[in-house]
Structure formats: structure tokens, C-alpha cells
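Take a look at the structure below.
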Amino acid sequence: MTRNGIGIRTAQVRQERLVGQIHVYDGLGKGKSQAALGVVLRSIGLGINTPSNSNRVLLLRFLKGPERDYDEDGAIAALQRGFPHLIDQVRTGRAEFFGHEEITTFDRDEAMRGWDVAKGAIASGLYSVVVLDEINPVLDLGLLPVDEVVRTLKSKPQELEIIATGRAAPQKLLDIADLHSEMKPHHHPTAKALFLEGIEIYTGAGKGKSTSALGKALQAIGRGINHPGSTRVLIMQWLKGGSGYTEDAAIAALQQSYPEVVDHQRCGGDAIVWRNSRQELDYVEAERGWEIAKVAIASGLYKTIILDELNPTVDLELLPVEPIVQALLRKPRDTEIIITGRCQNPPAYFDLASVHSEVYCHKHYANQGVELKRGVDF
């Protein structure tokens with residue numbers, strides 16, 4: 001049977017790869033560090049449901065010094081308290097932007113301190129995932145030797161997953177990457193003319209759309225934990241009605257400790273939906289998800305709402321576009337809405353986005369026949 005339209009991978013039982021890959025997220029658009037946080041959430045979720053200590057994450061963050069608070073800190077600290085064997089976080093550098101002409105000895109020392117931590121973590125065999133957040137601009141600024149970093153990453157343990165983020169990734173790093181997603185920004189005059197804010201869209205063929213949304217959710221959950229009453233988060237996911245998504249366990253753990261902060265809903269069947277294989281259940285589940293989302297948007301109770309895989313749901317004509325446009329136009333001003341998923345025909349609500357990142361695929365290991373990995377890809 002010929003498959004038409006958009007279909008997304010689900011968490012159905014499948015053969016799983018054992019070899020770790022090197023991921024690079026770069027570009028001028030938003031979503032790079034968020035994608036790394038999304039992988040962290042998935043990997044912790046996998047570790048919660050896995051009795052062994054084989055799923056441990058190091059979140060190493062360059063250019064994000066400890067003297068500044070970040071939204072995700074509360075959520076990460078909560079997960080560390082509950083599951084101290086699953087995540088370590090290290091921050092280095094100063095917390096403000098600086099250019100080549102403003103580099104100090106402190107900046108070089110902090111970059112090297114972070115790299116010493118990274119080398120030790122990579123060599124230790126203790127971690128399944130090492131996130132090198134903002135290492136790309138560190139390399140671009142000349143704070144670390146590119147050749148040494150590339151050499152170390154190439155000789156990593158076979159099963160270790162490496163995530164490198166930030167603008168201006170050097171070509172030598174891109175050359176060894178198994179996955180390279182570039183976040184390309186798009187600007188919409190309609191959103192600016194209507195003074196619309198707080199609508200973010202992540203689309204494109206590259207990896208990092210849902211992952212970025214999960215990272216955004218982690219940031220919002222952390223904000224709600226750190227500042228009670230400041231935000232409530234809804235994670236609504238279409239076309240993912242089955243089980244086996246590793247982020248679920250981490251989200252459930254946060255829900256148990258902070259039930260007033262986060263709600264999570266899935267809809268759809270446990271199968272890939274193509275345009276020529278749509279079933280009645282697909283329409284019913286899509287509409288059920290939209291009814292939940294529509295009420296959440298209008299209520300003002302949620303300050304952050306993730307509408308994951310809404311784009312392919314609309315592209316598959318499981319939902320009409322106009323009600324979504326109207327709901328977004330009427331949303332409370334302080335409600336953030338994050339919409340994800342690839343689509344062949346951009347729907348009208350794209351014009352309402354104040355942030356729109358196209359995740360452009362330069363490389364993806366799946367295109368080379370490499371299997372996806374639980375705790376990283378789903």
C-alpha cells in the first residue's frame with residue numbers, strides 16, 4: 001500500500017539500537033537547549049522504569065554559570081531528589097552573553113573546567129547520555145581546542161549518547177555528527193501586526209521538535225516548582241496514544257510530587273497514521289484531544305500548553321484549521337502555547353507564531369538505517 005502524507009514514528013515494540021550517536025543541534029532558531037532538556041527528561045524516565053543503574057545523565061552546561069537561576073532548575077532538582085542516581089548537573093562560565101573581544105581568563109578557565117568534567121564523564125562509563133549544552137559557541141569563541149574535543153568524542157564508549165548544542169557549531173564537529181539538526185527561524189508579519197505573543201511552533205523534517213517541546217515543558221514545570229502559583233502546564237500529545245514513551249515516567253514522578261503544576265494527556269492509537277489509512281478512531285481521538293486543549297487554552301488556568309504533534313494531525317485532516325486559529329487568537333495574553341510536528345502544508349495558524357523554528361535535517365541516523373533508541377528518541 002502506498003503511504004501518503006505525514007506519518008510519525010510511535011513507541012511500538014521495535015528493534016532498538018545499542019550504539020550511541022553524536023547529536024548536534026545548532027542554528028539561529030530557538031529550541032536547541034530545549035531539545036537537550038527533552039532528551040534528559042526521556043532518559044530519566046527510562047531510568048525510573050529500569051532497575052539497573054545503566055541510565056544516568058550528565059547535564060553539563062557551558063556559558064550558563066551557577067550564579068543565575070534558570071527555569072528548569074526546580075524540575076531538575078526535584079528529579080534529583082527523587083532519583084539521585086539518574087542525573088548530575090554541572091554549570092560553568094558566566095551567565096551573560098559576551099563576544100570574542102570580551103573574553104577573559106575566567107572564561108577560558110571555566111570552559112576548561114567544564115571540558116575536564118566532560119572528558120572524565122565520557123571516559124568513566126558511568127553515563128548513558130552526556131549533554132554538552134552550549135559547547136558549540138564555546139568552540140566558536142576559541143575557548144576550547146576543536147581538534148581535542150572532536151578526537152575525544154570520536155573515541156567515546158560505543159554505547160554513549162552525546163548531545164551538543166548551541167549556535168555556530170564548527171565544521172569539524174558537524175563532520176563527525178551522526179545527527180545534525182539546524183533550527184532555522186521564521187518570522188511572521190501577521191503575528192507582529194496583531195501584537196500576538198506566546199505562540200511557538202516547531203516544525204520541519206529534522207529531529208528536535210517534540211524533544212524541544214518536552215524541554216520547554218520541563219522549564220515551565222521548574223518555574224512552577226520554584227515559584228508556586230506562577231504557572232500550570234498542560235502537555236497534550238496527539239497521534240501518540242500508546243504506551244512505551246519514556247518521558248511518561250518522569251512526568252508522572254513530577255506530577256506525583258507537584259500535582260498542582262503539571263497535567264499530561266495523550267490521544268490517538270498505537271500506530272502510525274497515514275492519509276490513506278485513517279480510521280474512525282483517529283478522528284474521534286483527535287477531536288477528543290482538541291476539546292481538552294480548547295478548554296485549557298480558553299480557561300487561563302494554564303500558563304504553558306504543549307500541543308505536541310498538532311501539525312501532522314491537522315495535515316492529515318483529522319482536525320479543521322479554523323477553530324484552532326480562533327482559539328489561538330482568543331488565548332489569554334500570558335498563556336504560552338507550543339505547537340509541534342512536521343506538515344506538508346503549513347496551516348493558517350503558522351502566521352500567528354511569534355516564534356517559529358524549522359528544524360532542518362542535515363543528518364539523521366535513522367536515514368542511514370540506524371534504529372531509534374528508547375530514552376533518547378522516544
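If you're matching positions, the sequence shown starts at 1 in the UniProt record's numbering and goes up one per residue. Using N, Cα and C, we set each Cβ at its ideal position, and we do this for glycine too. Everything numeric in this text was worked out from a predicted model, so none of it was measured.
Return yes when the Cβ of residue j is within less than 7 Å of the Cβ of residue i, no when it is not.
{"i": "P185", "j": "G29", "result": "yes"}
{"i": "Y349", "j": "I324", "result": "yes"}
{"i": "L318", "j": "D282", "result": "yes"}
{"i": "A213", "j": "D315", "result": "no"}
{"i": "N136", "j": "G93", "result": "no"}
{"i": "A327", "j": "I297", "result": "yes"}
{"i": "K119", "j": "T152", "result": "yes"}
{"i": "S181", "j": "V359", "result": "yes"}
{"i": "D88", "j": "L63", "result": "no"}
{"i": "L144", "j": "A111", "result": "yes"}
{"i": "M183", "j": "S357", "result": "yes"}
{"i": "A177", "j": "V24", "result": "yes"}
{"i": "L179", "j": "Q21", "result": "yes"}
{"i": "G268", "j": "E285", "result": "yes"}
What residue range is occupied by the uninterrupted beta strand (DSSP E) comprising residue i?
{"i": "E182", "result": "L179 to H186"}
{"i": "L234", "result": "V233 to Q237"}
{"i": "N219", "result": "It is worth fixing the name first, because residue 219 is Gln in this sequence and not Asn. First-last for Q219: K209 to N226, but that is the alpha helix (DSSP H), not the beta strand (DSSP E)."}
{"i": "T340", "result": "E336 to T340"}
{"i": "R275", "result": "First-last for R275: undefined, no H or E at that position."}
{"i": "R266", "result": "V262 to R266"}
{"i": "A164", "result": "E161 to T165"}
{"i": "A89", "result": "It is worth fixing the name first, because residue 89 is Gln in this sequence and not Ala. I87 to R91 is the extent of the beta strand (DSSP E) around Q89."}
{"i": "E371", "result": "Note, E371: premise wrong, no beta strand (DSSP E); not H, not E."}
Taking the C-alpha atoms as reference points, what is the distance between residue i and residue j?
{"i": "T2", "j": "E134", "result": "In this predicted model, T2 has a pLDDT of only 46, less than 50, meaning its place in the structure is not dependable enough to derive any value."}
{"i": "K373", "j": "T246", "result": "10 Å"}
{"i": "V19", "j": "L46", "result": "17 Å"}
{"i": "H264", "j": "I48", "result": "18 Å"}
{"i": "D377", "j": "R333", "result": "33 Å"}
{"i": "P66", "j": "A95", "result": "8 Å"}
{"i": "R278", "j": "I272", "result": "10 Å"}
{"i": "V370", "j": "G300", "result": "43 Å"}
{"i": "C343", "j": "Q368", "result": "22 Å"}
{"i": "T313", "j": "Q237", "result": "10 Å"}
{"i": "R68", "j": "K172", "result": "31 Å"}
{"i": "A123", "j": "V90", "result": "17 Å"}
{"i": "L218", "j": "L37", "result": "7 Å"}
{"i": "L60", "j": "P170", "result": "19 Å"}
{"i": "S54", "j": "K156", "result": "16 Å"}
{"i": "R232", "j": "A35", "result": "21 Å"}
{"i": "V40", "j": "A78", "result": "14 Å"}
{"i": "Q256", "j": "E148", "result": "43 Å"}
{"i": "K216", "j": "Y70", "result": "12 Å"}
{"i": "F106", "j": "G375", "result": "36 Å"}
{"i": "E322", "j": "G114", "result": "49 Å"}
{"i": "residue 388", "j": "H85", "result": "With the chain covering 1 to 378 only, the question about residue 388 has no answer from this structure."}
{"i": "T252", "j": "G229", "result": "Position check: residue 252 holds Ala in this sequence, whereas Thr was assumed. Rounded to whole angstroms, A252 to G229 spans 19 Å at the Cα level."}
{"i": "V261", "j": "D248", "result": "15 Å"}
{"i": "E287", "j": "L352", "result": "22 Å"}
{"i": "G341", "j": "R266", "result": "15 Å"}
{"i": "H187", "j": "L194", "result": "13 Å"}
{"i": "L254", "j": "V150", "result": "36 Å"}
{"i": "R108", "j": "K331", "result": "45 Å"}
{"i": "K250", "j": "G82", "result": "Rather than Lys, the amino acid found at residue 250 in this sequence is Ala. Using only the alpha carbons, I get a separation of about 10 Å."}
{"i": "N345", "j": "S243", "result": "29 Å"}
{"i": "residue 429", "j": "S33", "result": "As shown, the chain starts at 1 and ends at 378. That puts residue 429 outside it, with no answer to give."}
{"i": "L239", "j": "D26", "result": "27 Å"}
{"i": "R56", "j": "D116", "result": "18 Å"}
{"i": "F97", "j": "E291", "result": "42 Å"}
{"i": "L234", "j": "Y258", "result": "13 Å"}
Got a sec, what are the start and stop residues for the alpha helix (DSSP H) residue i sits in?
{"i": "S357", "result": "Run containing S357: none in the alpha helix (DSSP H); it sits in the beta strand (DSSP E), V355 to K363."}
{"i": "D175", "result": "Q171 to I176"}
{"i": "V295", "result": "E280 to S299"}
{"i": "E322", "result": "E322 to L329"}
{"i": "T313", "result": "L310 to D315"}
{"i": "T190", "result": "P189 to A193"}
{"i": "L79", "result": "D73 to G82"}
Pair every Cβ in the stretch 334-354 with every Cβ in the stretch 197-207, then say whether three or more of these pairs are closer than 8 Å. Taking 8 Å as the limit for Cβ pairs, the verdict is that the stretch 197-207 does touch the stretch 334-354.
Using 8 Å as the Cβ pair cut-off and three pairs as the minimum, do the stretch 205-223 and the stretch 60-74 touch? Flag = yes, the stretch 205-223 and the stretch 60-74 touch.
Counting pairs of beta carbons, one from the stretch 359-366 and one from the stretch 201-208, are three or more of them closer than 8 Å? Flag = yes, the stretch 359-366 and the stretch 201-208 touch.
Whole beta strand (DSSP E) elements within the stretch 93-147, 3-residue minimum: Fully enclosed beta strand (DSSP E) runs of 3 or longer: 129-133.
Counting pairs of beta carbons, one from the stretch 117-128 and one from the stretch 154-171, are three or more of them closer than 8 Å? As far as the Cβ criterion goes, the stretch 117-128 touches the stretch 154-171, which means the pair count is three or higher.
Taking only runs of the alpha helix (DSSP H) that begin and end inside the stretch 11-57, which ones reach a length of at least 4 residues, in chain order? Runs of the alpha helix (DSSP H) inside the stretch 11-57: 32-48.
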